[in-house]
Every structure is written in C-alpha cells, then in structure tokens.
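Single-structure report; data block below.
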Amino acid sequence: MNILLTGGAGYIGSHTAIALAESGHSVFAADNFSNSSPEAIRRVSELSGQRISCFDMDIRNTPMLADILLRKEIQCVIHFAGYKAVGESLTKPLLYYDNNIATTVSLLAAMEEAGVSRLIFSSSASVYGEDAPSPISEEAGIGGCTNPYSRTKAICEQIIQDAAASSPVGLQAVLLRYFNPIGAHPSGMIGENPHGIPNNLMPYITQVAAGILPELTIFGGDYDTPDGTCLRDFIHVMDLAEAHAQAVEYLSRAASSNTDVPTVVPINIGTGTPYSVLDVVKTFSDVNGFPIPYHIGARRDGDIPALYADVSRAEQLLHWHATRSLADMCRDAWTWQRKNPEGYWLR
Numbered sequence: 155m156n157i158l159l160t161g162g163a164g165y166i167g168s169h170t171a172i173a174l175a176e177s178g179h180s181v182f183a184a185d186n187f188s189n190s191s192p193e194a195i196r197r198v199s200e201l202s203g204q205r206i207s208c209f210d211m212d213i214r215n216t217p218m219l220a221d222i223l224l225r226k227e228i229q230c231v232i233h234f235a236g237y238k239a240v241g242e243s244l245t246k247p248l249l250y251y252d253n254n255i256a257t258t259v260s261l262l263a264a265m266e267e268a269g270v271s272r273l274i275f276s277s278s279a280s281v282y283g284e285d286a287p288s289p290i291s292e293e294a295g296i297g298g299c300t301n302p303y304s305r306t307k308a309i310c311e312q313i314i315q316d317a318a319a320s321s322p323v324g325l326q327a328v329l330l331r332y333f334n335p336i337g338a339h340p341s342g343m344i345g346e347n348p349h350g351i352p353n354n355l356m357p358y359i360t361q362v363a364a365g366i367l368p369e370l371t372i373f374g375g376d377y378d379t380p381d382g383t384c385l386r387d388f389i390h391v392m393d394l395a396e397a398h399a400q401a402v403e404y405l406s407r408a409a410s411s412n413t414d415v416p417t418v419v420p421i422n423i424g425t426g427t428p429y430s431v432l433d434v435v436k437t438f439s440d441v442n443g444f445p446i447p448y449h450i451g452a453r454r455d456g457d458i459p460a461l462y463a464d465v466s467r468a469e470q471l472l473h474w475h476a477t478r479s480l481a482d483m484c485r486d487a488w489t490w491q492r493k494n495p496e497g498y499w500l501r
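Here the sequence shown stands for residues 155 to 501, where the numbers follow our numbering.
Structure (structure tokens):
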C-alpha cells in the first residue's frame with residue numbers, strides 16, 4: 155500500500171516509517187522540517203532499505219497536498235504533523251490552534267479532493283482531561299483538557315468525526331491516542347531530537363546523563379502514588395510505530411468487510427502498566443550503569459497523579475500489544491543519545 159506520513163521526519167513519524175517499510179508498504183513523507191531534520195529521512199531510508207521520498211512542504215498547502223496524493227496514488231494517510239510541546243502551547247496558544255487544526259482541515263480537504271478514504275490520526279491520551287480515572291478506556295469522555303495542545307487534539311478528533319459523517323469518499327479513520335512514547339530505534343540511528351531544553355522526561359534524562367544538563371528536576375514528590383511521583387504509561391516508540399502498521403491493516407480489513415464497522419474508531423496505545431518518574435530514573439541508571447542526579451521540585455500545573463491506559467481495544471481490533479520493557483526503552487534512548495550527542499544537527 156502507498157502511505158503518506160505528514161510530519162514523517164519527526165520522532166514518531168520516522169520510527170513508523172521503518173515499521174511500515176518492514177511490513178511491505180511504500181512510504182512517502184511530507185514535512186516542513188520546522189522541528190525535524192531531513193537527516194532523519196535519510197537514515198530511515200538507510201535502515202529500511204527503501205528510499206523514502208519526502209516532500210518539503212507545509213501541510214496547509216491543500217492544492218499541493220492533493221496533487222501529491224493523486225500523483226503518488228496514496229491509499230492511506232497517517233497524520234503526525236503538528237506542534238506538541240505542552241508548555242509552549244500555554245505561551246503560544248494561537249500558534250498551536252493555527253497549525254494543528256489548520257493542517258488537519260487542509261489534509262481532510264486534500265484527501266476528499268484526491269479520493270483517499272483511509273486516515274490514521276496521531277492523537278493523545280491528554281484528550282481525556284484531568285478527571286478521567288486510570289486505567290482509562292476509550293469509553294471515557296474527552297474534554298476537560300488542561301492546555302491548548304491537548305485541546306487541539308480533541309478538536310481535531312471532532313473535526314475528523316464530522317468529516318467522516320459527511321464524506322463523499324467514505325472516510326474511515328483510526329484515532330490513536332498515545333500515552334507516553336519514549337526510547338529510540340535500537341540501532342541508535344534515529345531517536346527523539348528536541349530543540350533546546352527538552353520538554354519530555356526521557357530526552358531530559360539522557361541529556362543529564364550526557365552532561366549537557368546538570369540534573370533532572372522531578373515535578374512533585376508528594377502525589378498519592380507509591381513513591382510520591384507521577385505514574386505514567388511509558389511505551390517504546392517502536393511498539394508505538396508497529397501499532398500504526400497494525401492500524402493500517404485494520405483499515406484494510408474494515409474496507410473489505412461486509413459487516414457494519416464504525417467509520418471513526420479511537421484506540422488507546424500504551425502498555426497498560428504504570429511506572430513512576432522515579433521508576434524511570436532508577437531503571438535508566440540500572441540499565442546503563444551510572445546514576446542520574448535529580449532533585450524534587452514543585453508540582454507542575456496540569457499534571458495529574460496517574461495516567462495509564464486500558465489497552466483491551468488495541469488488542470481486540472489491532473491484534474497488537476506492546477512487547478518491549480522499560481529497560482529496553484531506557485537502553486535504546488541512551489544508545490541514541492550516546493551515538494548522537496548533537497542529535498541530527500551534527501553527526
């Protein structure tokens with residue numbers, strides 16, 4: 155199948171490109187490289203043995219996007235493109251609303267024009283809001299989001315629902331609600347590559363380990379959890395990537411099925427196992443053989459004590475479950491950092 159990845163040079167997009175190529179699909183990417191590097195695409199091509207064509211473009215250019223969908227005979231789109239830093243979304247909300255929502259509207263319009271009916275959307279567990287009890291199932295209502303980033307994901311989900319309900323091409327979509335992807339490809343050739351000081355836990359830990367940052371600040375040590383730090387559902391990025399490949403297969407089965415299947419299906423992607431922030435720090439230290447200096451700071455606005463997935467729907471519909479351990483996540487993340495101290499920017 156010919157598959158287009160918007161934001162395909164990003165962290166999750168690049169790993170998914172490898173999983174799709176290994177599953178026998180022809181992969182294309184579109185990215186404006188605002189928070190990614192063409193080097194990621196080059197390395198994905200090297201790892202996968204498939205030359206990945208990447209279009210340097212803004213997904214909001216609907217005519218150009220529709221032309222690509224038609225010329226490359228794209229049969230499925232996986233939509234990763236968008237800004238994702240929670241903290242930045244609080245200071246630049248209009249940037250997030252303009253980019254994340256406008257790219258989704260543009261993509262849906264281009265797909266309609268080109269007659270492409272299969273979509274996988276890169277969503278987030280943060281759409282459930284702060285009051286949802288864990289383990290969270292897809293039956294929990296979305297909303298009550300604590301930041302503009304999360305709200306853009308919830309709004310985009312609703313836009314996709316509305317587009318599918320009125321679609322002349324029979325749009326079918328899977329909304330993959332990610333929990334906390336970490337780690338890297340075990341080769342160490344691709345991984346998470348943040349600009350400046352990282353917003354996420356694992357790249358912060360690896361930069362502390364590399365001596366780039368002096369120590370880790372853990373936001374809050376007095377939560378009602380076993381060790382006082384927040385519990386999260388960390389998932390290896392390659393497990394997450396393989397879930398996308400299985401979602402492609404699910405849409406193929408749905409398109410050929412004679413049974414009545416929902417046109418838009420939300421699916422949690424996590425392990426279903428919560429780990430605390432201190433669990434991650436300790437595991438990273440144990441696996442890689444050196445301590446991570448840290449201190450406990452004040453709680454961060456918007457954080458909740460526990461957030462982890464009910465993954466039964468992913469197992470039922472996608473025939474998928476995570477197979478890699480927290481130790482694997484920590485080992486592979488350090489391999490990436492160690493081999494690429496400057497990320498993709500210098501090699």
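Just so you know, even glycine gets a beta-carbon here, dropped at the ideal spot from N, CA and C. In this text, all values refer to a predicted model and were calculated from it rather than measured experimentally.
Whether residue i touches residue j by CB criterion (7 Å)
i      : j      : result
Pro247 : Pro302 : yes
Asp422 : Val391 : Correcting the residue identity first, residue 422 is Asn in this sequence and not Asp. Contact: no.
Val328 : Ile274 : yes
Gly164 : Phe234 : yes
Gly298 : Asp285 : yes
Ile372 : Val431 : yes
Val198 : Ser168 : yes
Asn186 : Asp221 : no
Trp490 : Gly342 : yes
Ser277 : Leu330 : yes
Val181 : Ile166 : no
Ala175 : Phe209 : no
Ala399 : Ser177 : yes
Ala264 : Leu219 : yes
Thr258 : Cys310 : yes
Leu480 : Thr417 : no
Ile366 : Ile446 : no
Asp387 : Tyr498 : no
Val323 : Ser271 : yes
Pro554 : Tyr377 : A question about residue 554 goes unanswered here, because the residues of the chain that appear run from 155 up to 501.
Leu385 : Pro352 : no
Ala194 : Leu262 : no
Ala173 : Gly162 : no
Glu292 : Arg467 : yes
Ser280 : Arg214 : no
Thr160 : Tyr250 : no
Thr300 : Gly443 : no
Gln229 : Met155 : yes
Asn254 : Gly241 : no
Residue i burial status per 10 Å Cβ neighbour count (16 or more: buried)
i      : result
Pro380 : exposed
Gly295 : exposed
Glu496 : exposed
Ala308 : buried
Lys493 : exposed
Gly426 : buried
Glu369 : exposed
Arg407 : exposed
Glu469 : exposed
Gln312 : exposed
Leu355 : buried
Pro287 : exposed
Ala452 : exposed
His449 : exposed
His473 : exposed
Gly424 : buried
Glu227 : exposed
Pro217 : exposed
Ala319 : exposed
Ser304 : buried
Ser188 : exposed
Per DSSP, cross-strand counterpart(s) of residue i
i      : result
Ser276 : Leu330
His475 : Its beta-bridge partners do not exist; DSSP assigns none.
Gly451 : Phe373
Ala460 : Leu385
Leu158 : Phe182, Val231
Pro588 : Residue numbering for the chain in the displayed model covers 155 to 501; residue 588 lies beyond these limits and cannot be assessed.
Gly290 : The sequence as given places Ile at residue 290; Gly does not occur at that position. Ile290 pairs with Ala463.
Taking only runs of the beta strand (DSSP E) that begin and end inside the segment 229 to 254, which ones reach a length of at least 3 residues, in chain order? 230 to 233
For the segment 166 to 224, which segments carrying the alpha helix (DSSP H) assignment without a break, of at least 4 residues, lie completely within its bounds, in sequence order? 192 to 202
Are three or more beta carbon pairs between the segment 472 to 487 and the segment 390 to 410 nearer than 8 Å? yes
Secondary structure, alpha helix (DSSP H): runs of 4+ residues fully inside the segment 353 to 435: 355 to 363, 391 to 410
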